[in-house]
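Undergrad:
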């Protein structure tokens, strides 16, 4: 299922291979081997926001890594949280500048949007995100061609933006997650962040290890291809 992991970020010249996180910087010193342990990737969209710092506290207390798909327009308002994500071993991905449906844009408009988002993230972290989560999960041929990185969707939608109930969020995450799942949350909602300790406890009890998307998926992803989990691809 999983091949050699790559880091969650890439320099402008290409992906940075990574087999371990620098000592003292991440919840764990060695990248988990998802061929040997039961892995799941928790992902958080639309931030950073006012609850992101508390979420990072929760993840770090649980030694759990996650992936954050950031809106470029929010990064400058929360630079400390974004810097902390990278320093503590979480992954940062692009979620566009302000959540426009990329399928409504031209190829040139998509490229400009992603370049603007990349710059905002690079200004804080020194690195460019290696993956893109298109807003709404909307993908067409223009998006595939214009995107210069893999497209990461999900196979578990907690619908936290709609139900706004920690118990429901927990139930969906528990019911629908499987080995190799990519689980969708939004850290801009307090109710989502309130649910995370129980999600971490429940999935840990079921034997899951929490990894970043790049750790879960490996380094053989194709530019412009959309992936929903580590078990299949479209």
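Numbering (the working numbering), first residue to last: 73 to 306.
Cβ coordinates follow ideal geometry from the N, Cα and C atoms, glycine included.
Quick one: grab the DSSP three-state call for residue 73.
TA: Confidence in residue 73 is poor, its pLDDT being 44 and thus under 50, which makes the residue's placement unreliable; the coordinate value appears in the next sentence. In this structure, residue 73 counts as coil in the three-state DSSP scheme.
Undergrad: Please report the distance separating the alpha-carbon of residue 254 from that of residue 234.
TA: When rounded, the distance between both Cα atoms is 19 Å.
Undergrad: Given a cut-off of 9 Å on the beta-carbon distance, is the pair residue 207 and residue 298 in contact?
TA: No, these two residues do not count as a Cβ contact at 9 Å.
Undergrad: For the structure I just gave you, are there three or more beta carbon pairs, one from the stretch 173-191 and one from the stretch 151-161, closer than 8 Å?
TA: Output reads no: the stretch 151-161 does not touch the stretch 173-191.
Undergrad: Less than 9 Å between the beta carbons of residue 302 and residue 113, yes or no?
TA: Yes. Within cutoff.
Undergrad: Can you list, in chain order, the residues of its chain with a C-beta nearer than 7 Å to that of residue 146? Leave out the 5 residues immediately preceding and following it.
TA: 119, 120, 121.
Undergrad: By the three-class DSSP mapping on this structure, what secondary structure does residue 190 have?
TA: Here residue 190 sits in helix by DSSP.
Undergrad: What does a CB cutoff of less than 6 Å around residue 289 pick up in its chain, not counting 5 residues either side in sequence?
TA: Hits under 6 Å: 302.
Undergrad: Using 9 Å as the threshold, is the C-beta distance between residue 248 and residue 228 below it?
TA: Taking 9 Å as the Cβ cut-off, residue 248 and residue 228 qualify as a contacting pair.
Undergrad: Helix, strand or coil for residue 218, going by three-state DSSP, please let me know.
TA: Three-state DSSP puts residue 218 in a helix.
Undergrad: So which of 245, 252, 217, 276 has the shortest CA-CA distance to residue 105?
TA: It is 252 whose Cα lies nearest to the Cα of residue 105.
Undergrad: Pick from 264, 209, 107, 217: whose alpha carbon is nearest that of residue 236?
TA: Of the listed residues, the one whose Cα sits closest to residue 236 is 264.
Undergrad: For the ligand ATP, is there a heavy atom less than 8 Å away from the beta-carbon of residue 162?
TA: With respect to the ligand ATP, the structure shown offers nothing to examine, as it has no ligands at all.
Undergrad: Skipping 5 residues on each side, what residues in its chain have a beta carbon closer than 6 Å to that of residue 197?
TA: The residues are 158.
Undergrad: Going by beta-carbon coordinates alone, are residue 285 and residue 209 separated by less than 9 Å?
TA: No, these two residues do not count as a Cβ contact at 9 Å.
Undergrad: Output the residue ranges of the beta strand (DSSP E) runs that lie fully inside the stretch 239-279 and measure 3 residues or longer, sorted by chain position.
TA: The qualifying runs are 254-258.
Undergrad: Opposite residue 228 in the DSSP bridges: which residues?
TA: Beta-bridge pairing links residue 228 to 255.
Undergrad: Tell me where the beta strand (DSSP E) around residue 155 begins and ends.
TA: It is not in any beta strand (DSSP E) - residue 155 instead sits in the alpha helix (DSSP H) that spans 151-159.
Undergrad: Within this structure, are the beta carbons of residue 257 and residue 117 separated by less than 9 Å?
TA: Yes, the pair counts as a contact, with Cβ atoms nearer than the cut-off.
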